[in-house]
Amino acid sequence: MPDEAKWYVVHTYSGYENKVASNLEKTVENHNLQDLIQAISVPTETVVEIKDNKRKEVERKIFPGYVLVKMVLTDESWYVVRNIRGCTGFVGPSSKPIPLTEEEIARLGVEKKTVEVSYDVGDSVTITDGPLDGFTGVVEEVDVEKGSVRVMVSMFGRETPVDLELDQVEPAE
């Protein structure tokens, strides 16, 4: 059994993304393949359109013609996905599925990473990454939703606010 599930990109007919995703979900459920095909995603974004002086929020596909599938690649899972109506194949050389890299997954925002924060507003922290590596400062603000923290760092005798990611700082000893 292959070790773990990875994200793959499946090419579909344009406009069939949601249909392919729902058919694939039904097939996975009916054939009890939840351990092989774990997640199916059609990345969308909410856009505000202004037509005839009226604002309207519209859900728009980020990648028309593509569906993202998290699965353990086996002959069976490949066959199931490949034979869904509206699916034209996997993205990769000669239709061989190539998994997305960790960086691509992070950029697409397909999987939300949760970072456990062991510090709070007013705590003293040390910066562990980036150009200010090794500096210490005091936490001003923590935004878990956006994954950022604002730290007041003393540079050249001045207090300067610095915005960092949650995993770039750790509590100072």
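Letter 33 of the sequence shown, counting from 1, is numbered 32 in numbering that gives the first Met the number 0, and no numbers are missing.
Cβ atoms here follow ideal geometry from the backbone N, Cα and C, with glycine treated the same way.
None of the values given here were measured: they were computed from a predicted structure.
Spatial distance of residue i from residue j (CA atoms)
i	j	result
Val27	Ser76	9 Å
Asp119	Asn52	45 Å
Val141	Val46	27 Å
Gln167	Val68	30 Å
Glu58	Val66	16 Å
Asn31	Ala20	16 Å
Span of the alpha helix (DSSP H), counted from its first residue to its last, around residue i
i	result
Tyr78	74-81
Glu103	101-107
Val19	16-29
Nearest to residue i (by Cα), restricted to the options the options
i	options	result
Ile126	Ser40, Thr43, Glu172	Glu172
Asp128	Leu163, Ser147, Arg149, Glu103	Leu163
Leu107	Ile61, Met70, Gln33, Pro170	Ile61
Asn22	Leu72, Arg81, Pro63	Arg81
Residues sharing a beta bridge with residue i, DSSP
i	result
Leu67	Val8, Ser40
Val57	Val46
Asp162	Arg149
Arg157	Met154
Gly136	Val124, Val152
Gly88	His10
Asp142	Ser147
Limits of the beta strand (DSSP E) - the one that residue i falls within
i	result
Ile126	123-126
Pro170	168-170
Any chain B beta carbon closer than 9 Å to residue i
i	result
Val79	This model lacks chain B altogether, as it is built from one protein chain only.
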